[in-house]
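In the UniProt record's numbering, the protein residues as written are 1 to 146. Glycine included, each C-beta is placed from N, C-alpha and C at the ideal position. Accompanying notes for the structure given below.
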């Protein structure tokens, strides 16, 4: 009895957060094996959180209606409580193939941010992240010769 409660206390709290960054009119369903995780399909630009008992080697399948959009295989898991972020997005602008990005948010008291560029178009942009307490940097003009 004591051993069983000890093992239970060692169980990790790992949340799987799946985000759909695939620009398509149909939504995605998420499966592990035959088990469907989504109660309703994930629309583009939306995320869902799930608490499956994940193991190394598990395959996470993404489906549009009954068609398989792609499969992600779990190759490693953290040994602590964590949020496991998985983002499915368009592989390129030519095909309908998907790609995946993953990130682990550890259980920390500080804020954590993951910035993923999943855009596959030709337009260019840049990202700037700034602490709200810091004033923005102002470009300085070089000194003028007298």
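Under DSSP, the beta-bridge partners assigned to residue 14 are 82. The region 16-34 and the region 48-55 touch, with no fewer than 3 CB-CB distances between them shorter than 8 angstroms. In the three-state reduction of the DSSP assignment, residue 76 falls in the coil class, being assigned neither a helical nor a strand state. If the five residues before and after residue 56 are omitted, its C-beta is found closer than 8 angstroms to the C-beta atoms of 74, 75, 76, 77, all from its own chain and listed in chain order.
DSSP, reduced to helix, strand and coil, places residue 36 within a strand of the structure shown.
Among the bridge pairs identified by DSSP, residue 60 is matched with 32, 72.
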